[in-house]
Amino acid sequence: MDDIRRVGVIGAGVMGAGIAAHIANAGVPVLLLDVAAEGTDGRDAVARAAIRTLQKADPAPFMHPDFARLVSPGTVEDDLDRLGRCDWIVEAVPERLEIKRALYRRIERVRRPGSVVSSNTSTLPLAALTEGQSAAFAADFLVTHFFNPPRYMRLLELVGGPDTRPDAAEAVRRFADRRLGKTVVECRDRPGFIANRLGVFWLQCALAEAFALGLEVEEADAVLGKPWGIPKTGVFGLLDLVGIDLVPQVGASLAAALPPGDPFHALPRDMPLIARMVAEGRTGRKGAGGFYRLNRAGGGKVKEAIALATGAYRPGRAPDLDSLAEAGGDLRALLGHPDKGGRYAWRVMGRTLAYAASLVPEVADDPAAVDEAMRLGYNWSEGPFALIDRLGAGWLAERLETEGWPVPPLLGRAAALGGIYREEAGSRRVLGADGGYRDATRPDGVLSLADVKRAGTPVLRNPSAALWDVGDGVACFEFTTKMNTIDPDTLALLGKAVGAVQEGFRALVIHNEGKDFSAGANLGLALFAANIAAWGEIAAMVEQGQRTYRALKYAPFPVVGAPSGLALGGGCEILLHCDAVQAHAETYMGLVECGVGLIPAWGGCTAMLARRAAAGRPQGPMPPVIRAFETIGAAKVAKSAAEARDLGFLGPDDGITMNRDRLLADAKAKALELARDYAPPAITPLTLPGPAGRIALDMAARQLARRGLATAHDLVVAGALAEVLSGGGADHTRPVEEEAVLALERAHFLALIRHPATLARIEHVLETGKPLRN
Amino acid sequence: MPTYTAPLRDMRFVLYDLHGGGRLARLPGCEECTPEVIDAVLAEAARLCEEVLFPLNRAGDEEGCRLADGAVATPKGFREAYRLVREGGWTALACDPAFGGQGLPHAVKVLVDEMMCSANLAFALTPGLSFGAYAALYAHGSEALKARWLPPLVDGRWTGTMCLTEPHCGTDLGLLRTRAVPQGDGSYRVSGTKIFISAGEHDLAENIVHLVLARLPGAPTGVKGISLFLVPKLLVGEDGRPGARNGVSCGAIEHKMGLCASPTCLLNFDGAAGWLVGEPHKGLRAMFAMMNLERLAVGIQGLGLAEAAYRNAAAYARERLQGRAPSGAKCPDKPADPIIVHPDVRRMLLTQRAIVEGGRALAVWTALALDDHARHPDSDRRREAGDLAALLTPVAKALLTDLGFEAANLGMQVFGGHGYIRDHGMEHYVRDARVTQIYEGTNGIQALDLVGRKLPAHGGRLLRGFFHPVAAYLDATAENAVLAEFTRPLAKAFARLQQATAHIARAGLKNPDEAAAAAADYLHLFGLVALAYLWTRMAEIARTKAEDDGFHRAKIGTARFFMDRMLPRTAALSAAILAGGRSVTGFDEGDF
């Protein structure tokens, strides 16, 4: 079957609208249908309102405002026949069997033969959905279960029925993987599929035990959060996010669908406090507060939490449990601790992990699929089987036996063999339901740095970075610091890498598999150096950064940056010095130095001037300077790779990869393409306006200050930035060499970092994570 | 017999010429603190110390304290001296006028304290601890507690103590066991044993106010479960008069190496009535309000003893005739030259002098930071001053007591055999000085405080108050050829300090043992660079003074000695720090 070129989404609720927006993010036109409205706003008012909500939502469902134009609204009543032009029809209407079945019959009449229909159901079995439908429909039908919000959650559970055409499933799988950037986990047609089957069990168990053991919500969230690599929202914070009203609904529907012997039935589901909260509209963040709330009464902002025993709000308090303090990161110590935190951890996580082990092979043959589903669907940093290995499968099995709980066969086998996962000859193997280990596989065309690292040794390495051989003559430079910040060691190794690549490779990719590409220069180091007046060291670090990034830019081989997540400050500047960037769609680039009272001084100002000049129209020297001034001065951060194009951080030739797992392969391909007949860029001087331009920029900054949009120190920083971007004493009739602008960057950076207001900003952002407006 | 003359000239130089102390009168609440007033206070304190306290020092040491029937008798003359101290208003010097104090700044108090420590440290401990108790109660007590207990503490009718240590619990207060049980009427019954309580029982005042750390029922374990209580020796009636005996008794007094005239008591609390100071379980915080002041005060003790030892050693070296100068007789008319002709004797005297005058400059700098922190009208300046005081406090405590002991010991050395016997009083200074390195947080603890807490706090922000002025000063004087003999070694030592600081910050982040292994050396490196900075500035100022009676010449000469002969210690210290901790931490415990 052909590619999917046009998609229809039926149901403009939170999920349907979010799915439509994300399909638009892939550049694919979408038809979004909902019921016709009565009234004067037009019959398609429901779908149109949904699109408007999408445009305003935060975090944004669209990667760029322009993508909204790809979503056309319509009604099921009037526009159903337009589905005839769609290659894929996604149904996201309420979870009622009869509604869905009736809709399918209407779809069947209008859809193009060979088009694929899928349901976004999270609770209904596929078998029930296709019952009574035509054979042709059943052959083209599957379940595609997205997670909320669809743009950001990387998991897609895909369920095919016995009659589903393999190529129909394959077309959707391929589209979801490559165009939507999802990790597709194929599931059996079992209740809750994988992620919710385990996730809802975990939530229900965590709720019930918190009541039973008398924990405070902060304590429960702290015990179930950080130690396990689970988001710090834990369980109560998570329920506030997803909506507390869903607890009884989801629990009931799962219970109705699960076989009688399932351990889920043993969990208490009758919780008076939950019922009361739902009745009072306290459904979480969408309602009038949840387990937590921000009390703004009296003009203040007080974080409050519910006392589980009484249901009344009280001021939030930091958890103070010996189990947490004493266990540190040791999970066994936490599970073995006698206090209520330790008992809670065991009763929730012990049972959840055992339940996970019992689900293989019922929901999947491969434990790795379960881990993937929990990582990407619940944002756990490790799945349950990786956690079992962290605890020790043998230890866990023994503890379960001691407590008189059944040990699932898979766990027993893992205990005997030494774990779920193992490494053999540099490759990762996983224990299957059949009791044997097999290679953990990656989808076709995925190149993982983790696999490269497991199989080999680095070409170069120091405490802050490493250089890897990723095959075909391409090297990969990886940051290895916390938050992938850049420090003198990173720069030193990068300098060495330029030499090493020249000797033994054709091209270089800069990439890592951290959550964020780089948070920028190590500000803690810079602040400490400034506090001890180590101006010489700071000057050397600035100079080293400029020198190294320039060496990268003018190296005789192509360099491709491959970022995902944050690429801020010095982490953005390194990308500005690459020949090309292949960015993950979820890349957040920004030159944020001004926010901490500094200016970009690793060539960021110079590079932005050059880019803006190259892209701009020949209208004198000012336009590129003004645009760079606005972008850098306001410390703008692009909220996607698409937005980074608008801001000039990415150029027209830079590529965007939707699927994070495919980023390295795409970047490598790009690097090899560039390597074919590579010549380093020519050194081009810049035409800058000099003092006249500086005056114009200063006036703009002062105007912002008059409107209350810039603080006193903002003006100091803007003044320095204006001086650099206008070229100091430059004169627009004589082009300025890059070196001269770099010297200005250095001089003004070194002046700003001595300023107490700058130091106060850096300290504040390091201690609170928030900017200081001084 | 030793003699004592207060070093008022140098005190004025440090306070006014070096640190611009004339500006104290511009601080809110200090308006009356003009140089005229301060000079008069210092002169009066000098008279008291020279004429009343100093003459009791030797005899008090010989006689010691006696415990009989739970009562402690202080040496002869101490009661009368205390009466004079109290009546002179010296106990009220730096206290809030709202409670009967005189409201003088810390910068003046440290100079008065220094004189009292030089004259008679064993005596000075009692009013010193009263001030500590005052400070804790003043910062954390309820208004009712303050109204009742502060005025008699301020006017010296009653004295105060700090009861922290227990037989099994010294540095680690988390282990403490003393209990406090609420009585339902707002009072508590405190039970437990406290040891090493200075002035825990004596006959100088009619009542004693003990501040006691104890645990409430069900309190968390460790330091998070400690509360502070006020427990008087005698219960006080509604009329404010002391009456019946509370359940506190002195079970023993310690036999010590020095400070024999100061009673160091074992106190038994048997259901003694007490009142909570500050919040439950926050006792340690309340205690630290006073502990930081006490730490600077202990540094001053080291300084005071060093001053006394130096003056007496210098006088002795000028008089004692013995042998001839290495380069030939200097006083051929006499049977022998005075020993001051010997370079080695001069080395010892100049070392003492450099310690004393540099240490005084450091102490007053720290005290001024405390004053700015408490009183400066600009909130940024208050915070910066607080940062600097927090940074300098452990340095002042440990450096001034380590160097103070060194100076006292050198004083004994200059006297030779006559220093070792008791008659000349030089061994007395050594014995008294030794404990200052131990109590109020051993100097090892001070070093850990510096590297473990002060250094990493707020990304190194506390360091800024020291490093930035020094760097700016070096920038400003870079072209000054006349000062180069001072600024060059200062710049070199400062660079060493920067390097060592960055090294410890980096290494300590990865492995706290590394920072701990370097801590003591680092504190001395820091302290010596601080002294070098102060000495350079003192030399610069002394050069500009036209009048010359030898004072400014001696100042420059001492500065030169410090730079040439003491500052090079920083080379060894920085080498030791950069060598890392592996030789220390890697040594097998069984092989000790």
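Chains as they are written, first to last, in this note's numbering: chain A, 82 to 855; chain B, 81 to 672.
Glycine residues also receive a C-beta, built at the ideal position from the N, C-alpha and C atoms.
Test item: CB-CB of residue i and residue j under 7 angstroms
i, j, result
"residue 825 of chain A", "residue 809 of chain A", "yes"
"residue 363 of chain B", "residue 307 of chain B", "yes"
"residue 646 of chain B", "residue 434 of chain B", "yes"
"residue 677 of chain A", "residue 659 of chain A", "no"
"residue 325 of chain A", "residue 358 of chain A", "yes"
"residue 543 of chain A", "residue 574 of chain A", "yes"
"residue 540 of chain A", "residue 548 of chain A", "yes"
"residue 291 of chain B", "residue 159 of chain B", "no"
"residue 804 of chain A", "residue 775 of chain A", "yes"
"residue 338 of chain B", "residue 477 of chain B", "no"
"residue 388 of chain B", "residue 436 of chain B", "no"
"residue 258 of chain B", "residue 236 of chain B", "no"
"residue 425 of chain A", "residue 290 of chain A", "yes"
"residue 633 of chain A", "residue 600 of chain A", "no"
"residue 817 of chain A", "residue 766 of chain A", "yes"
For residue i: DSSP bridge partner residues
i, result
"residue 330 of chain B", "B:347"
"residue 251 of chain A", "Beta-bridge pairing links residue 251 of chain A to no other residue."
"residue 543 of chain A", "A:546"
"residue 856 of chain A", "Residue 856 of chain A cannot be examined here, being either before or after the span of chain A that is shown, 82 to 855."
"residue 287 of chain B", "B:238"
"residue 815 of chain A", "A:812"
"residue 115 of chain A", "A:156"
"residue 737 of chain A", "A:664"
"residue 273 of chain B", "B:348"
"residue 625 of chain B", "According to DSSP, residue 625 of chain B bridges with nothing at all."
Contacts of residue i in chain A (Cβ-Cβ under 9 angstroms)
i, result
"residue 544 of chain B", "611, 612, 613, 614, 837 and 840"
"residue 493 of chain B", "The premise fails here: residue 493 of chain B is roughly 37 angstroms from chain A at the closest Cβ pair, so nothing lies under 9 angstroms."
Closer than 8 angstroms at the beta carbon, the chain A residues around residue i
i, result
"residue 581 of chain B", "613"
"residue 76 of chain B", "Residue coverage of chain B in this structure runs from 81 to 672, which leaves residue 76 of chain B outside it and unanswerable."
Interface residues of chain A facing residue i [CB-CB closer than 7 angstroms]
i, result
"residue 547 of chain B", "612, 613 and 614"
Contacts that residue i makes with chain E (C-beta to C-beta distance below 7 angstroms)
i, result
"residue 263 of chain B", "Of the protein chains in the structure, A and B, none is chain E."
Below-7 angstroms beta-carbon distance, residue i vs any chain A residue
i, result
"residue 541 of chain B", "yes"
"residue 587 of chain B", "no"
"residue 538 of chain B", "yes"
"residue 526 of chain B", "no"
"residue 578 of chain B", "yes"
"residue 572 of chain B", "no"
Fill in: Contacting positions in the region 592-608 of chain A - beta carbon closer than 7 angstroms to chain B
605 and 608
Fill in: Contact residues within the region 843-855 of chain A, judged by C-beta distance below 9 angstroms to chain B
843, 844, 847 and 848
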